[in-house]
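Just so we're aligned, residue 1 is where the sequence shown starts under my numbering, counting upward by one.
Structure first, then comments.
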Amino acid sequence: MIVVSKAAETTGRTLRNDKETLQQSKDEEYAYWQSRAPAERLAAMQELSLAFFEEPAAMKLKLGADFCALLSAFHASDVKYLIIGGWAVSIHAQPRATLDMDIFVSPDKTNLEAVYDALLRFGAPLKNMDKRQFMEPGTYLRFGAPPSQVDIFPAIPGVEFEACWPNRVAVTVHAEKSLLANFISAKDLIAAKIASGREQDIADVQAIRRAQQQKGKT
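Quick look at the structure:
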């Protein structure tokens, strides 16, 4: 397991006024974000997301607290999980605006029971879903209201959880609480997104690969 524990505050990028080609500009942007800690990229992603969706300051505080509470509940129940989606793209490439969280969980029976118990502890709306229904094959859970939602998947295209788990990347997402979150690795995220094949997924693959190329230059 790779552990990245350094936390940093969000910083901006100074825009240059001199003429550059589009590719040069993109390369510079990738170089900048790859010089920052993953935790800093996550913080920037949240700032971009809040600006993009024009959420009030109160929503910003509540959103962060909710996600931290959910992850803390997972840890308390020893849930095996990996954060995927836009949050994962942000630690492996550069910040991408998103207000939802996609979570990949082990489909093992014991783990799904732990997920269900953790969600109850967190306060997720499970009134119409008992533990047996939650554990049925093909079931996934979504709660929250657009655009602030949480999706929990026991299966995703292109990869198996148990193969991804040893490659997980742990990143500090709340320095004051010393809260670490488990993210899918860049390699496994690429495989999943290629299998999905959506336009946004292909764009994310290109972003991650560009980031990897930039790392190779440093």
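All residues carry an ideal CB built from backbone N, CA and C; glycine is no exception.
Here the structure is a predicted model, which is why all the values come from computation and not from measurement.
Given that a residue counts as buried once 16 or more other Cβ atoms are within 10 Å of its Cβ, and exposed if not, what is residue i?
i: serine 90; result: buried
i: glycine 85; result: buried
i: alanine 65; result: exposed
i: asparagine 128; result: exposed
i: arginine 142; result: exposed
i: valine 124; result: Note that residue 124 is alanine in the sequence shown here, rather than valine. Classification for alanine 124: buried.
i: arginine 168; result: buried
i: lysine 109; result: exposed
i: phenylalanine 80; result: According to the sequence displayed, residue 80 carries lysine and not phenylalanine. By the 10 Å Cβ count, lysine 80 comes out buried.
i: arginine 198; result: exposed
Which residue marks the beginning of the alpha helix (DSSP H) containing residue i, and which one marks its end?
i: alanine 195; result: 186-196
i: aspartate 117; result: 109-122
i: glycine 144; result: Careful: glycine 144 lies outside any alpha helix (DSSP H), inside the beta strand (DSSP E) at 141-145.
i: alanine 163; result: 161-164
i: isoleucine 91; result: 85-92
i: lysine 80; result: Note, lysine 80: premise wrong, no alpha helix (DSSP H); not H, not E.
i: lysine 131; result: 131-134
Kindly give me the distance between the Cβ atoms of residue i and residue j, rounded to whole angstroms, as I take these residues to be in contact under 8 Å.
i: alanine 73; j: alanine 118; result: 4 Å
i: serine 148; j: leucine 99; result: 5 Å
i: serine 106; j: phenylalanine 161; result: 5 Å
i: methionine 45; j: arginine 96; result: 6 Å
i: phenylalanine 114; j: aspartate 78; result: This sequence places alanine at residue 114; phenylalanine is not what is there. Going by Cβ atoms, the distance from alanine 114 to aspartate 78 rounds to 6 Å, so yes, they are a contact pair.
i: isoleucine 201; j: aspartate 151; result: Residue 201 is actually aspartate in this sequence, not isoleucine. About 15 Å; that fails the 8 Å criterion.
i: alanine 76; j: glutamine 214; result: That pair is no contact at about 37 Å.
What residue range does the beta strand (DSSP E) around residue i cover?
i: serine 148; result: 148-153
i: valine 105; result: 101-105
i: threonine 172; result: 169-174
i: alanine 181; result: 179-183
Might you give, ordered along the chain, the residues of its own chain that have their beta carbon closer than 6 Å to the beta carbon of residue i, omitting 5 neighbours on each side?
i: aspartate 204; result: Val89, Lys193
i: tyrosine 116; result: Lys131, Phe134
Less than 8 Å between C-beta atoms, sequence neighbours within five positions excluded: which residues of the same chain meet that for residue i?
i: cysteine 164; result: Leu82, Phe104, Ile184, Ser185, Asp188
i: alanine 8; result: In this predicted model, alanine 8 has a pLDDT of only 28, less than 50, meaning its place in the structure is not dependable; the value taken from the coordinates is given anyway. If we look at alanine 8 and ignore the five residues flanking it on each side, its Cβ neighbours are Arg36, Ala37, Ala39, Glu40, Ala43.
i: cysteine 68; result: Val173, His174, Lys177, Leu179
i: threonine 139; result: Gln133, Pro154
i: tryptophan 87; result: Leu42, Met45, Thr98, Met101, Asp102, Phe183
If I measure Cβ to Cβ from residue i and keep anything under 7 Å in the same chain, skipping five residues before and after, which residues do I get?
i: glutamine 212; result: Ala186
i: arginine 41; result: Trp33, Ser90, Ile91, Gln94, Pro95
i: alanine 207; result: Val89, Ala93, Gln94
i: proline 157; result: Ala192, Ala195, Ser196
i: lysine 62; result: In this predicted model, lysine 62 has a pLDDT of only 36, less than 50, meaning its place in the structure is not dependable enough to derive any value.
i: valine 159; result: Asp188, Ala191, Ala192
i: alanine 220; result: Any question about residue 220 goes unanswered here, given that the chain covers just 1 to 218.
i: glycine 216; result: none
i: asparagine 111; result: Val79, Lys80, Val105
i: asparagine 182; result: Tyr81, Leu82, Ile83, Arg168, Ala170
When the Cβ atoms of the segment 131-142 are set against those of the segment 166-180, are three or more pairs found closer than 8 Å?
Using a Cβ-Cβ distance cut-off of 8 Å, the segment 131-142 and the segment 166-180 are not in contact, since fewer than three pairs of beta carbons, one from each stretch, lie closer than that value.
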